[in-house]
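611 is the number that my numbering gives to position 606 of the sequence shown; each next residue is one higher, with no gaps. Glycine residues also receive a C-beta, built at the ideal position from the N, C-alpha and C atoms. Structure first, commentary second.
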Amino acid sequence: MYWLIGSFIILAMMGVLAVADSTPILIMPLFMDSASTPVLTISFVLLTFILILISQFTIPSVNPINSVKNTSHHSRFASRILYFISIAILVSTLVIGSGLKALVSHQQADDQKITEPMRVQALVHIEGISDSVYDAGTDTGYRQVAIISQILPLVSELTAQDLDKVTAEYGAGLNNSLSGDDIKYESSNAISSHQNTLAENAVQDKVYRVLLNAYPKKPAKQSSKTNSQKKSKKTKKQSQIADLNHLQPGDRLFMTLKLAPLATSEQVSNNPSGFDSYRWLRSRHIDGVANILATSSAILPSSHPQIQSHSNSNSHLLSSDSYLTRLRTAIDQGRWQLRQHFYKDWATNTTAEQQAKAVTLSLLTGDRSLINRETKDLYQLAGISHLLAISGTHVLFLAIVLAGIVILLINRLYPALYRYIPRWHVRWWVMISAAFIYALFTGFDVPAARTAWMLLAIGLTRLTLLPVSTMRVLLALAVLMAWHDPYVLWQAGYWLSFIAVALLLKYEDTSQNQPLTSNQPSTSYDKLLRRLWLSFKRLFKLQCWLFLALLPVTLLLFGKASLWGLIVNLFAIGLFGWIIVPLNLLAGLCYLILPSVANIIWMLVTVIVSNLQELIAWLTAMPVLSDAWLYTPVNAAILLMALLTLLPWLLPRGLISRWLVLPPLSLLVMTVYANQQSLTTTPTLYILPTGDHYISATLLQYPGVNDKDAKNTSWLFLADHRPSNTKIKTMPSNLTADKFSAMLAQQLGSLSVNKLEGIVVQSSSSGVTDSRVYDKKSSAVSPNDSELLPMIVAQLSQRLPVSQYWQAGRSERWSALHQAYKVTTDSQKTATISAQRCESGKIWQLPNGNLTLQAITGWSKLEDASVWDCTVAIDSSTPIRVLKYQANDPLKSLPANSQTPMSKSQPLSNQANMSQSRLILNADTHERTWQMWSLLCSADLTNSNIAMNHTTWLGHSTSHISNEVITQQQIDEIITYDNKPLEVALSSDALFKEGD
């Protein structure tokens, strides 16, 4: 019963957060003030104790035969009714109250968040250590959680010298205010005289918790006249930004910032990687994002008093007088000093040595700021990324070691202490102290905090002799942490930590009665071998148990799971748990006393980690298991089916019949499963997010519905929509072939695509075109100066089978480019795919004629690359829906926004020929493309007797398509990749309106 109640409480809080995040819900201010205090959480705890006491009270069953001797039958029946009603009221109160607690927390965060972009000058208080370091060499940026106050709107750019002057005047104003009775910051004391007029508009009472950002900028091409003038300014700014790495926790300084609100849920869904940055920032109580414009070189002394705000809910964040705040700052400074120790002489080390040090630091303090993207991807592919985080094993191991050392010292020096305090009390207090201090030292993440609180709870239950199992203690901690901070439910570590520990406890309960040794007589050598074999067998069973049990949760949280984890964890967990982590913790303890000894131990640890990473890289690169990712869409509906199936076994025994309830539950599961399967039987075109506004990727999935032997057909379309007109300035793409191909492979895998019928690159590329073509005609427009899209084809063809490759324009150099790639990647045994020209008139069709692909533009025989772009028309016997792919939940991909013409050409009267729908994938980058089509192909379309039931145009908002072409193509709706209106549609005579 307790597990069912706890599940209801957590599900209610999750549901409220999900609904409140999408639908605004108003709450009475009086209730918000009362619910924001700890009184509500304490009330929940008291109600829980009352519920436990009532549930432990057993009422005798009704026995009408002995009703004369005992209480009457009616009174017993009334008592049982009152008993169940009391439990129902208490459970309902807890569930509803928990939902209201989550709603209040969401409303408070929503009221505090930054709502609009603005450029400000603010006092920045560094909180904790940064998430990453600023390094222009490795192209990594600075990310730091900070609290900003004393906010003034910025009307002109301020230099570091200006901010130093502001800092000096601010400090002088604080020193002068110490002589008064009230310490209050006046705007005239902190800003220069020419800014006094801004004081009236100052928002000093606002306090925000933001994420500071500063990233290296790529050098732009400068002319020879301006390059020398801007070089010195840029170098000075880069050195000023680089000083951010030296900011310590607790430092305060003035900065000019560009504040921006958090990305909305819709914007986050366009993230190609599927990472939900919105929920990640919300779970850390971040109010907005702040890009650093300039920083002051002067840091305010810590002895200066902190200004208090009286009208802001985040004003308590500025209080630095509490003991816990000073302790947390001191611990964070210790973490920062350890990072600086590892970061010393960083540039002189090789990449392998750098990442070995970064992983060692992560295993010691939980600081992953030095780990690059490649190392994180390697650990994710190996299925051991959980080892990079500080888990309960780290905390528990250190607590046990320190407790053993203290007990040993007491036994040697002062054993008489045990006359007053039992031995286990001493060990328990040492373990709790060590666990909480180390948990604070590692950032007090969910796994470390859960271990520390579990040690405290288990000790209290033993001290009070309460008959409470460890599983119930674990459940109580999960609910208490959710009551304390409902946003912890949005953290993946919360779910993985508690579920993994629950599975371990359950496994121990089922396997503790299985002996590791046999009673048969044998030699000591045989006993050792048998014991090793049984231990390995038990470890393998445990690993399989954890892998299979956590697989649905992993797929729900991350959308994918690595099959390598089942193998690598067998030796990685033991290596980390028994060798690397103990040595690392030992080095951390020695660092406080003998730093030279600690450096020797850390050198040994880095060598072990470096060799381990090389072994993992070699294993994961094996061709046999190169595709080790498991992509299976799992959402809340699928998990709900599993919970409904297990519901009879979760309820108390005898409440409902477990076998009689299985048929309706099975029918419900089959219904939900049928609804999920219906999503894969509809022709769909997914607009895949790429991270570049000009590069588009679309996937066509056409199921074989009418033919039993037919399989799903998948086509991938790639295009670069950057205008070829040199007068229009666009930023070059920051995508790389490796990053883009890996991202596409993940997206295709999440949609269960293991084979592509073809890849169509609709944009011409100079990377596969003979450059001598352009020497003949200087006025010709060159194709896209990039090899990105052809290299994507080369890499994807190595990851999954591809039958056809259509390339816009000319592709004389494709064979040489593909062969060079195969030599570089040592993939000579893989098949070579040939490039076919995607030009006007090229057709591909299914054998049953239900699907036809036809290129309607592209004339590569002409010596003008501006007419090489290939627009493809997709004709289907059934309508094709267009969805915006959501990487975090592919099953919830939403329909793309469209523009629908209100007045258009009248449809043809011959309804017999209107049996198909058309989807046009446009890719023009120059106005000559559709001009050429109007001259050569418009007459063919007019004379054709085939009319489409519905025609959809999909392209970029920068397209040069004309209103005349839109009318001739009989386009019914327009969809753009960048969600911007098509200019020609807005300026044409035909009126358009926004549609769904």
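Heavy atom of the ligand MN within 6 Å of residue i beta-carbon
i, result
"residue 9", "No copy of the ligand MN occurs in the structure displayed, which carries no ligand at all."
DSSP three-state assignment for residue i, whether helix, strand or coil
i, result
"residue 430", "helix"
"residue 900", "strand"
"residue 491", "helix"
"residue 843", "strand"
"residue 869", "coil"
"residue 149", "strand"
"residue 581", "helix"
"residue 862", "coil"
"residue 596", "helix"
"residue 616", "helix"
"residue 449", "coil"
"residue 810", "strand"
"residue 47", "helix"
"residue 218", "strand"
"residue 694", "coil"
"residue 19", "helix"
"residue 739", "coil"
"residue 828", "helix"
"residue 164", "coil"
"residue 443", "helix"
"residue 130", "strand"
"residue 625", "helix"
Residue j beta carbon less than 7 Å from that of residue i
i, j, result
"residue 138", "residue 250", "yes"
"residue 366", "residue 589", "no"
"residue 889", "residue 899", "yes"
"residue 847", "residue 836", "no"
"residue 305", "residue 261", "no"
"residue 938", "residue 966", "no"
"residue 573", "residue 361", "no"
"residue 257", "residue 130", "yes"
"residue 633", "residue 567", "yes"
"residue 928", "residue 769", "no"
"residue 282", "residue 492", "no"
"residue 52", "residue 9", "no"
"residue 766", "residue 813", "yes"
"residue 475", "residue 510", "yes"
"residue 796", "residue 742", "yes"
"residue 301", "residue 172", "yes"
"residue 408", "residue 435", "yes"
Nearest to residue i (by Cα), restricted to the options the options
i, options, result
"residue 858", "804, 926, 300, 894", "926"
"residue 989", "768, 969, 330", "969"
"residue 444", "554, 403, 382", "403"
"residue 561", "635, 542, 617", "635"
"residue 115", "591, 168, 22", "22"
"residue 156", "173, 128, 80", "128"
"residue 153", "933, 217, 357", "217"
"residue 280", "987, 984, 892", "892"
"residue 490", "27, 774, 46", "46"
"residue 708", "757, 692, 469", "757"
CB-CB length for residue i against residue j, believed under 8 Å
i, j, result
"residue 702", "residue 749", "6 Å"
"residue 462", "residue 400", "Going by Cβ atoms, the distance from residue 462 to residue 400 rounds to 14 Å, so no, they are not a contact pair."
"residue 841", "residue 809", "7 Å"
"residue 5", "residue 141", "Beyond the ends of the chain as shown, which are 6 and 1001, falls residue 5; an answer cannot be given."
"residue 963", "residue 976", "Between residue 976 and residue 963 the Cβ distance is about 17 Å, and since that is not below 8 Å, they are no contact."
"residue 60", "residue 94", "That pair is no contact at about 13 Å."
Decide yes or no for the touch test of the region 368 to 379 against the region 413 to 422: beta carbon pairs closer than 8 Å, at least 3 of them.
No, the region 368 to 379 is not in contact with the region 413 to 422.
Indicate whether the contact test is met: 3 or more Cβ pairs, each with one atom in the region 481 to 493 and one in the region 529 to 539, closer than 8 Å.
Proximity of the region 481 to 493 to the region 529 to 539 falls short of the contact definition, fewer than three beta-carbon pairs being nearer than 8 Å.
Could you check whether the region 391 to 399 touches the region 422 to 439, counting it as contact only if at least three pairs of C-beta atoms, one from each stretch, sit closer than 8 Å?
At 8 Å Cβ cutoff, the stretches do not touch.
Would you call the region 281 to 297 and the region 258 to 266 in contact, with 3 or more CB pairs under 8 Å?
Yes, the region 281 to 297 touches the region 258 to 266.
Counting pairs of beta carbons, one from the region 11 to 18 and one from the region 97 to 109, are three or more of them closer than 8 Å?
In this structure the region 11 to 18 lies against the region 97 to 109, because at least three pairs of beta carbons, one per stretch, are closer than 8 Å.
Say whether the region 539 to 559 touches the region 491 to 505, bearing in mind that this needs 3 or more beta-carbon pairs closer than 8 Å, one atom from each stretch.
A contact is defined here as three or more CB-CB pairs under 8 Å, and the region 539 to 559 meets this definition with respect to the region 491 to 505.
The region 868 to 888 contacting the region 685 to 693, beta-carbon criterion three pairs below 8 Å
The region 868 to 888 is in contact with the region 685 to 693.
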